[in-house]
Structure formats: structure tokens, C-alpha cells
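Q:
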Amino acid sequence: GPALTLSIGISSLCHNSEIILCTDGLSNTGVGNMDSIDKKEINRARQYYQELGNQAKRQHTLISIIGILGSDGCGLPILGRCADITSGSINMNHPIELLTQIVRISQCPIIATDVSVSRYSCGFKWLGSEENVIHEEIGNANIDSSVIYDFENVQDSETGSLIIQIHIDYTTPDLKKRKRVITNTFESSAQKKVIEEHADVAVIALSAIQKSADYKLQGRDEEAHQILKSTYQVLNNMEKNATAQEELANFVDLAKKLDITILRENDIDLVGKTCYEMKNLSINHMLSGERKTDAVERRTKMSNDDLNAMYYNYTF
Numbered sequence: 119g120p121a122l123t124l125s126i127g128i129s130s131l132c133h134n135s136e137i138i139l140c141t142d143g144l145s146n147t148g149v150g151n152m153d154s155i156d157k158k159e160i161n162r163a164r165q166y167y168q169e170l171g172n173q174a175k176r177q178h179t180l181i182s183i184i185g186i187l188g189s190d191g192c193g194l195p196i197l198g199r200c201a202d203i204t205s206g207s208i209n210m211n212h213p214i215e216l217l218t219q220i221v222r223i224s225q226c227p228i229i230a231t232d233v234s235v236s237r238y239s240c241g242f243k244w245l246g247s248e249e250n251v252i253h254e255e256i257g258n259a260n261i262d263s264s265v266i267y268d269f270e271n272v273q274d275s276e277t278g279s280l281i282i283q284i285h286i287d288y289t290t291p292d293l294k295k296r297k298r299v300i301t302n303t304f305e306s307s308a309q310k311k312v313i314e315e316h317a318d319v320a321v322i323a324l325s326a327i328q329k330s331a332d333y334k335l336q337g338r339d340e341e342a343h344q345i346l347k348s349t350y351q352v353l354n355n356m357e358k359n360a361t362a363q364e365e366l367a368n369f370v371d372l373a374k375k376l377d378i379t380i381l382r383e384n385d386i387d388l389v390g391k392t393c394y395e396m397k398n399l400s401i402n403h404m405l406s407g408e409r410k411t412d413a414v415e416r417r418t419k420m421s422n423d424d425l426n427a428m429y430y431n432y433t434f
């Protein structure tokens, strides 16, 4: 607690700072003390680390946490909230693996800060909300950040067009403000064959994994288990090509790991590490080999110099 608080204070002096917290046990003294059996003290610690994460997010600081394997417990379900809020990573490593893990963390830098998303709907509603326009603060984003949104058709007819628009506002590492607007139209259908033909297995699977992990962190274990179970039943009953079969296999591997954590795991640090990892999982973990290659090629097709030339050389 005190060490992380001091680090966040120091990092506030430099934009886009990064903190890597290595811990071999519970915080047991000073602010953020988790070494207590008093529920009020634990709740106070949970709120404290939540606020630390929010403060780090406001000042564009990334927090990653490394717990040491073999320790008596690091309180990752509580401490990990700081990393979750700032888009950092959470890992459990043997002491001899620390250097390797730190290198891995450095290879996934923040590419945007102050990220906010505004969602506009027409012909459907966002699940969990009755509003047509929803604004959400994301904070930091790295190259692997993946966010899933669920919606449902509310039109009277079973078929029709659903219009979606996403506004993404963000700040680049060189402190330039940017906005990206994405508009798309989807055709809805109630025909099973049409739905299966156009369903994106990787996206459906990622949504289930992220939501299940989030439910587990909230203590909603049965709901977390049922999401994985029902999603597998839906995807397994679909007619699938080779790409979809590979992506289903990816989902099954990750779902088994998460489901074992939900139902059987007693190590709270391993539960915290696995669930935070799955909650922030990248779409790349679900994609088939062919689609993953295409995604990498699209990502590297244009360099920053190419994009800058297109922007600054444009003639009105």
C-alpha cells in the first residue's frame, strides 16, 4: 500500500509513466493494509486500491503487478483492481522468472490514454441500458486491448437494419487529441441458418470469457459458470467451417481453464490473476491462425510515417 501510493505520487510528475509492483505477500502495514480478518478493514482496503487505480488512470499511469509464487498470498483479487483499471497486467511468477516477465510487460506499451467511447444505437438497445447513447471512460489502451459490447434487436419485425456508430476519443503518446468515428449497418435475422453463417465465433467466445471472468470477480460464481456452458452449447451446435472450428477449440481451452478456476480453485491469488487476465483478454487469443495473420498484416500495413503523410499532405 504505502509503496504503491508513493510510486503513483512520483509518477504523476511524468506523463505515461509505468509502475511494476512486485510483491511476495499481503500489504500488512500502513495504508491499504489487507492483513486482517475484519470485513470492514478488508472493504476499506478494497476501496483504497480502487481509488489508487482511479488516480493512476487520471494521471495516465499504468500499473502492472507481479506476485511471487510460493508466497502466503498477495491479495490479488483486491490489489489487482489497480492493474485492471489502468489496463496493466497481473502475473504470478517464480523469482527467477521476474526479469523475463518485466521484459514482456515492456513489450506491450500504452498506445493511447484518455480513451473514451460514445455508443449510438438505432433499431436496437444496448444490453443493460435503456439509453440510445452511452458514454464510457476506458482510460489507457494498449495494442491488444479488446472491448466487447452486447446489444439486442428491439424492432417489431424479425428482420431489418441495425445502425451502430462508435465515437472513440483518445490522446496519443505525443499528446495529440484524436477522434475516430466508426459507422456500420447490420442486417438482423431470425433464421438459424443465416445467423450461423454470419456469426463471428471469436467475438461471441471472447464476450463469454470476459463476462464470465467479471462475474467471478463479483462473486457471481453460478452465473459465471452458466455463461461458459450456454455459449459452448450454442457454438458447438452451429455448422462450422475450418476457421470457426479452430476458434471454437480456442474458446474451449480457455473456458476450461476459467471454469476450473470458478468451481474448484481455492488459491485466491490464482483466482484473481486468472480472472483479471480473462476479463481483459485480447481477441487475438480467440482468432484462428489465418485470421490472426490477417490482423497482424493489417496492423503493420501502414507505418506512423505513412499515416502522418496522409494527414499532413492532404489538400483541401
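According to this note's numbering, the stretch in the sequence shown is residues 119 to 434, in order.
Idealized CB from N, CA, C, for every residue including glycine.
(1) Looking only at its own chain, which residues have a Cβ that is under 7 Å from the Cβ of T204, when we skip the five neighbours before and after it?
(2) Can you give me the C-alpha to C-alpha distance between S473 and I322, rounded to a whole angstrom?
(3) Compute every distance between the C-beta of L170 and the non-hydrogen atoms of the ligand ADP, then say whether any falls below 6 Å.
(4) Is DSSP giving C132 helix, strand or coil here?
(5) Contact between the segment 341 to 357 and the segment 397 to 404 is defined here as three or more beta-carbon pairs at a separation below 8 Å; is this criterion met?
(6) Within 10 Å of its beta-carbon, does S330 have 16 or more other beta-carbons around it, so buried, or fewer, so exposed?
(7) If I measure Cβ to Cβ from H133 and keep anything under 6 Å in the same chain, skipping five residues before and after, which residues do I get?
(8) Exposed or buried, what is T290 when buried is set at 16 or more other beta-carbons lying within 10 Å of its beta-carbon?
(9) So who's on the other strand from D287, going by DSSP bridges?
(10) Taking K329 as part of the alpha helix (DSSP H), name the residues at either end of that continuous run.
(11) At what residues does the alpha helix (DSSP H) containing K374 begin and finish?
(12) Between the alpha carbons of L122 and S234, how many angstroms are there, rounded?
(13) Across which residues does DSSP place E255 in a beta bridge pair?
(14) Could you check where the alpha helix (DSSP H) with S224 kicks off and where it finishes?
(15) What is the DSSP secondary structure of T147, counted as helix, strand or coil?
(16) With burial defined as no fewer than 16 other Cβ atoms inside 10 Å of the residue's Cβ, what is the status of D156: buried or exposed?
(17) For the 8 Å Cβ check, are there 3 or more pairs between the segment 182 to 201 and the segment 367 to 382?
(18) Considering only residues of the same chain and omitting the five flanking positions on each side of K295, which have a CB-CB separation below 7 Å?
(19) Which residues share a DSSP beta bridge with T303?
(20) With a threshold of 16 other CB atoms inside 10 Å of the CB of D387, please say whether the residue is buried or exposed.
(21) Shortest alpha-carbon distance to G337 belongs to which of I220, R409, G390, G119?
(22) Do the segment 263 to 270 and the segment 237 to 249 make contact, defined as three or more Cβ pairs closer than 8 Å?
(23) Tell me whether T179 sits in a helix, a strand or coil according to DSSP, three-state version.
(24) Rounded to a whole number of angstroms, what is the C-alpha to C-alpha distance between I228 and S263?
(25) When burial is assigned at 16 or more other CB atoms within 10 Å of the CB, is K334 buried or exposed?
(26) So M396 is in the alpha helix (DSSP H); what residue range does that whole segment cover?
(27) How about G143 and G119: do their beta carbons lie closer than 7 Å?
(28) Could you tell me if A308 is buried or exposed, where buried requires 16 or more neighbouring beta carbons within 10 angstroms of its beta carbon?
(29) Would you kindly work out how many angstroms separate the C-alpha atoms of I128 and G193, rounded to a whole number?
(30) Of the residues C240, S145, I327, which one's Cα is nearest the Cα of I284?
(31) For N355, report the span of its beta strand (DSSP E) as first-last.
(32) Distance, Cα to Cα, N209 vs G150?
A: A quick look at the data gives this:
(1) Closer than 7 Å at Cβ, skipping near neighbours: G171, A174, K175, T179, L180, I181, G257, N258.
(2) No information on residue 473 is available, as it lies outside the stretch 119 to 434 that the chain covers here.
(3) Among the ligands in the structure shown, none appear at all, so the ligand ADP cannot be discussed.
(4) DSSP, reduced to helix, strand and coil, places C132 outside both helices and strands of the structure shown, so it counts as coil.
(5) The segment 341 to 357 and the segment 397 to 404 do not touch, with fewer than 3 CB-CB distances between them shorter than 8 Å.
(6) It is buried - the Cβ of S330 has at least 16 other Cβ atoms within 10 Å.
(7) Result list for H133: H178, in chain order.
(8) Burial is judged here by how many other beta carbons sit within 10 angstroms of a residue's own beta carbon; T290 has fewer than 16 and is exposed.
(9) Paired residue(s): S234, K297.
(10) Looking at the DSSP string, the run of the alpha helix (DSSP H) that includes K329 is 319 to 335.
(11) Note, K374: alpha helix (DSSP H), 360 to 381.
(12) C-alpha separation (whole angstroms): 26 Å.
(13) Listed as beta-bridge partners of E255 by DSSP are S234.
(14) 216 to 224 is the extent of the alpha helix (DSSP H) around S224.
(15) DSSP places T147 outside both helix and strand once states are collapsed to three, so it counts as coil.
(16) Taking all protein chains shown into account, D156 has fewer than 16 neighbouring C-beta atoms within 10 Å of its C-beta and is therefore exposed.
(17) Too few Cβ pairs lie closer than 8 Å, so no.
(18) Excluding five sequence positions before and after K295, the CB atoms of its chain that fall closer than 7 Å to its own CB belong to T289, given in chain order.
(19) In the DSSP assignment, T303 forms a beta bridge with I281.
(20) Buried, because 16 or more other Cβ atoms sit within 10 Å of the Cβ of D387.
(21) Answer by Cα proximity: G390.
(22) When Cβ pairs closer than 8 Å are counted between the two stretches, the segment 263 to 270 is seen to touch the segment 237 to 249, the count reaching three or more.
(23) Coil at T179, not helix or strand.
(24) Going by the C-alpha atoms only, they are around 10 Å apart.
(25) That one is buried.
(26) For M396, the uninterrupted alpha helix (DSSP H) run begins and ends at 386 to 397, by DSSP.
(27) Inclusion of G143 and G119 in the CB contact set at 7 Å is not warranted, their separation being larger than that value.
(28) Under this definition A308 is an exposed residue.
(29) One C-alpha to the other measures close to 24 Å.
(30) I284 has its Cα closest to that of C240, out of C240, S145, I327.
(31) Following the DSSP letters along the chain, one finds N355 in no beta strand (DSSP E), marked with neither H nor E.
(32) The straight-line gap from Cα to Cα measures roughly 20 Å.
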